[in-house]
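Chemist: The sequence shown runs 115 to 448 under the working numbering. Yeah, the Cβ is synthetic: ideal placement off N, Cα and C, and Gly gets one too. Bear in mind the structure is a predicted one, so any value in this text is a computation, not a measurement.
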Amino acid sequence: MIDLRSDTVTRPSPEMFAAMAAAEVGDEQYLEDPTVNELQRRMAELLGHEAALFLPTATMANQAALRTHSKPGSIMLAEEHTHMLIYEWGGPAIHSGLVMTGVRSEAGRVTPQHIAAVEELGPGSVVVLENTHRSSGGRIWPLDEFRASVDAAHERGAALHLDGARLFNASVGAGLPPSAWSQHADSVTICFSKGLGCPFGAVLAGPAAFIERAWESKYLFGGALRQAGVAAAAAIYALDHNVERLADDHARARRLAEGIGLDASVVDSNFVAFPDPGDGEARIAERGVLVSNLRPGMLRAITHLDISDDDIDQAIEAVSEVVGATRTAAPRAR
Ligand SMILES: Cc1ncc(COP(=O)(O)O)c(C=O)c1O
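#1: Helix, strand or coil for residue 120 per DSSP?
#2: Could you spell out where the beta strand (DSSP E) holding residue 217 opens and where it closes?
#3: Can you list, in chain order, the residues of its chain whose CB lies under 6 Å from that of residue 417, leaving out five sequence neighbours each side?
#4: If I measure Cβ to Cβ from residue 436 and keep anything under 6 Å in the same chain, skipping five residues before and after, which residues do I get?
#5: I want to know whether the segment 324-337 touches the segment 373-390 - three or more CB-CB distances under 8 Å.
#6: Just to confirm the assignment: which complete alpha helix (DSSP H) runs, minimum length 4, are found wholly within the segment 290-376?
#7: Between the C-alpha atoms of residue 440 and residue 148, what's the straight-line distance to the nearest angstrom?
#8: On a CA-only basis, which of 229, 298, 310 is nearest residue 321? Give me that one, please.
#9: When you compare only the Cα positions, how much space is there between residue 273 and residue 198?
#10: Which residues in the same chain as residue 288 place their Cβ atom closer than 7 Å to its Cβ, once the five residues preceding and following it in sequence are excluded?
#11: Taking the alpha helix (DSSP H) that residue 155 belongs to, which residues open and close that run?
#12: Skipping 5 residues on each side, what residues in its chain have a beta carbon closer than 6 Å to that of residue 351?
#13: Quick one: what does DSSP say residue 415 is sitting in, helix, strand or coil?
#14: Suppose the cutoff is 6 Å on Cβ atoms and the five residues either side in sequence are ignored; what does the same chain contact list for residue 442 look like?
#15: Tell me which residues share the same chain as residue 226 and place their Cβ nearer than 8 Å to its Cβ, disregarding the 5 neighbours each side in the sequence.
#16: Closer than 7 Å to a non-hydrogen atom of ligand 1 - does that hold for the CB of residue 197?
#17: Use the C-beta contact count for residue 115: other C-beta atoms within 10 angstroms, 16 or more gives buried, fewer gives exposed.
#18: Is residue 239 near residue 191, with beta carbons less than 8 Å apart?
#19: Rounded to the nearest angstrom, what separates residue 228 and residue 127 at their Cα positions?
#20: Under a Cβ-count criterion, where at least 16 other Cβ atoms within 10 Å of its own Cβ denotes burial, should residue 142 be classed as buried or exposed?
#21: Short of 7 Å in beta carbon distance, which residues of its chain neighbour residue 139, apart from the five on each side in sequence? Order them along the chain.
#22: Of the choices 348, 406, 327, 293, whose alpha-carbon is the least far from that of residue 158?
#23: Where does residue 271 land, buried or exposed, given buried means 16+ other C-beta within 10 angstroms?
#24: Is it right to say residue 202 is buried, meaning 16 or more other beta carbons lie within 10 angstroms of its own, or is it exposed?
#25: Here's the rule: buried if 16 or more other CB atoms are within 10 angstroms of the residue's CB, otherwise exposed. What is residue 411?
#26: Restricting to Cα atoms, I'd like to know which of 427, 183, 281 is closest to residue 358.
#27: Would you tell me roughly how many angstroms separate the C-alpha atoms of residue 403 and residue 375, rounded to the nearest one?
#28: Could you pull the start and end residues of the alpha helix (DSSP H) that residue 261 belongs to?
#29: Taking only heavy atoms of ligand 1 into account, decide whether any of them is closer than 7 Å to the Cβ of residue 307.
#30: Measuring straight from C-alpha to C-alpha, what distance separates residue 324 and residue 182?
#31: Nearest-angstrom Cα distance between residue 206 and residue 214?
#32: Could you tell me which residues DSSP pairs with residue 391 in its beta bridges?
#33: Report, in whole angstroms, the separation of the C-beta atoms of residue 473 and residue 301, which I expect to be a contact under 8 Å.
#34: Name the residue from 419, 210, 295 whose alpha carbon lies nearest to the alpha carbon of residue 355.
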């Protein structure tokens, strides 16, 4: 099976496993894990922030960020299909007492106009931006638009959290350092278990005082670890070996898009979005290729470390057979 459901399906390479096995470790809760400390130092620097905190998942990092920034009863504003709004199990309401507010927008971009329109937004509220934006098909935020939305949030007294689970994809895709976006945000999440190929691990970065307070959520959510250097070593290996190569995933995604007759100019990163003829997932799977749901009515194929050029050839054939047939049979369904 060629697995294009998600970039989370990758398995650690033998070299990554070797780095994990060789990791120097200590008790993370005592701040004595040298590998975790090194990863946090490197990530703070890369993201243009004072400090960073290692967490098991990006979900936990996002939720810790919200809980640290916000006041119960305030607003969390995000694009309506943003991961934190729809895939984190109501966490913003449950953990932080936030009123979750979604807005419809182009390419996942919450604009200054959206921000101005939400009257209740103020101190204690959080505006969440996602880069790359998953549900729009891995779109990258243009820096000027991103900065305008950050400024609009700050003008209202709200904090700005960047869910940069795939910020390295945005960085490689746009040819900018990750800090180009993250330095403007009050906090940022990075995930290592997506295109970077790690088994798990995420980082939350922000000002030193914010990260100090985020420790409370790390404990509360059960994310304070012990010899976590084993996982941090995988993340350090990924920083050194798996970032630049994201360009290969992006090129393969564009080739897949072109091969199935899509406009490749909207393929910014490693996602290919295409209309679901109804039973597309199952019919494409019958042809040896796994894809998954992107948003209602749309499927996604995601390239990653374990996908080769030959896999893309086979995927082009499988997806074209299913989506191409639908075009002829039921054009209005698209
Ligand atoms: C944009 C985005 N943010 C956060 C997450 C959560 O990541 P994790 O599975 O590490 O909790 C995901 C996972 O798919 C994601 O796509």
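Modeler: Based on what the coordinates show:
#1: As a working note, residue 120 is residue 6 in the sequence shown. Residue 120 falls in the coil class under three-state DSSP.
#2: Taking the first residue of the sequence shown as position 1, residue 217 is located at position 103. Residues 213-217.
#3: By 1-based counting over the sequence shown, the position of residue 417 is 303. The answer, listed in chain order, is 363, 366, 367, 384.
#4: On the sequence shown, position 322 is the one that residue 436 refers to. Taken in chain order, the residues that qualify are 394, 397, 398.
#5: no
#6: Correct list: 293-296, 322-334, 343-355, 360-373.
#7: Taking the sequence shown and counting its residues from 1, one reaches residue 440 at position 326. Taking the sequence shown and counting its residues from 1, one reaches residue 148 at position 34. Legend: pLDDT at residue 440 = 46, less than 50; position of this residue unreliable, no value from coordinates given.
#8: Numbered from 1 along the sequence shown, position 207 holds the residue referred to as residue 321. Comparing Cα positions, the closest option is 298.
#9: Translated into positions along the sequence shown, residue 273 becomes position 159. Translated into positions along the sequence shown, residue 198 becomes position 84. Near 15 Å, if we compare the C-alpha coordinates of residue 198 and residue 273.
#10: Mapped onto the sequence shown, residue 288 falls at position 174. Closer than 7 Å at Cβ, skipping near neighbours: 254.
#11: Along the sequence shown, one-based indexing puts residue 155 at 41. Counting along the chain, the alpha helix (DSSP H) containing residue 155 begins and ends at 148-161.
#12: In the sequence shown, the residue the question calls residue 351 occupies position 237. 130, 133, listed in sequence order.
#13: Numbered from its first residue, the sequence shown carries residue 415 at position 301. In this structure, residue 415 counts as strand in the three-state DSSP scheme.
#14: The count along the sequence shown starts at 1 and reaches residue 442 at position 328. Low local confidence applies: a pLDDT of 40 at residue 442 is under 50, so the model's placement there is unreliable, and no value is given.
#15: The residue labelled residue 226 in the question sits at position 112 within the sequence shown. For residue 226, same chain residues with a beta-carbon under 8 Å away, outside a window of 5 residues either side, are 262, 263, 265, 266 in chain order.
#16: Translated into the one-based positions of the sequence shown, residue 197 becomes position 83. Yes.
#17: The sequence position of residue 115 within the sequence shown is 1, counting from 1. Label assigned to residue 115: exposed.
#18: Your numbering for residue 239 matches position 125 in the sequence shown. Your numbering for residue 191 matches position 77 in the sequence shown. Yes; because the gap between Cβ atoms is below 8 Å, this pair is in contact.
#19: Taking the first residue of the sequence shown as position 1, residue 228 is located at position 114. Taking the first residue of the sequence shown as position 1, residue 127 is located at position 13. The alpha-carbon atoms of residue 228 and residue 127 are separated by roughly 43 Å.
#20: Residue 142 sits at position 28 when you count from the first residue of the sequence shown. When all chains shown are included, residue 142 counts as buried.
#21: In the sequence shown, the residue the question calls residue 139 occupies position 25. Counting only Cβ-Cβ distances below 7 Å, and skipping sequence neighbours, we find 147, 149, 341, 343, 344.
#22: Numbered from its first residue, the sequence shown carries residue 158 at position 44. When only C-alpha atoms are compared, the closest one is 293.
#23: As a working note, residue 271 is residue 157 in the sequence shown. Classification of residue 271: exposed, given that the 10 Å Cβ count is below 16.
#24: In the sequence shown, the residue the question calls residue 202 occupies position 88. Buried, since its Cβ has 16 or more Cβ neighbours within 10 Å.
#25: Here residue 411 refers to the residue found at position 297 when the sequence shown is read from its first residue. The residue in question, residue 411, is exposed, as its Cβ has fewer than 16 Cβ neighbours within 10 Å.
#26: Within the sequence shown, residue 358 is the residue found at index 244, counting from 1. Minimum Cα distance to residue 358 is reached at 281.
#27: On the sequence shown, position 289 is the one that residue 403 refers to. On the sequence shown, position 261 is the one that residue 375 refers to. So the alpha carbons of these two residues sit roughly 18 Å apart.
#28: Residue numbering aside, residue 261 sits at position 147 when the sequence shown is read from its first letter. From DSSP, the alpha helix (DSSP H) with residue 261 extends over 257-269.
#29: Numbered from its first residue, the sequence shown carries residue 307 at position 193. Yes.
#30: Here residue 324 refers to the residue found at position 210 when the sequence shown is read from its first residue. Here residue 182 refers to the residue found at position 68 when the sequence shown is read from its first residue. Approximately 7 Å, taken between the alpha carbons.
#31: Within the sequence shown, residue 206 is the residue found at index 92, counting from 1. Within the sequence shown, residue 214 is the residue found at index 100, counting from 1. The straight-line gap from Cα to Cα measures roughly 7 Å.
#32: Here the question's residue 391 lines up with position 277 in the sequence shown. Answer is none; residue 391 lacks a bridge partner.
#33: One cannot answer for residue 473 here, as it falls past the ends of the chain, which runs 115 to 448.
#34: As a working mapping, residue 355 is identified with position 241 in the sequence shown. The alpha carbon of residue 355 has as its nearest neighbour, out of 419, 210, 295, the alpha carbon of 419.
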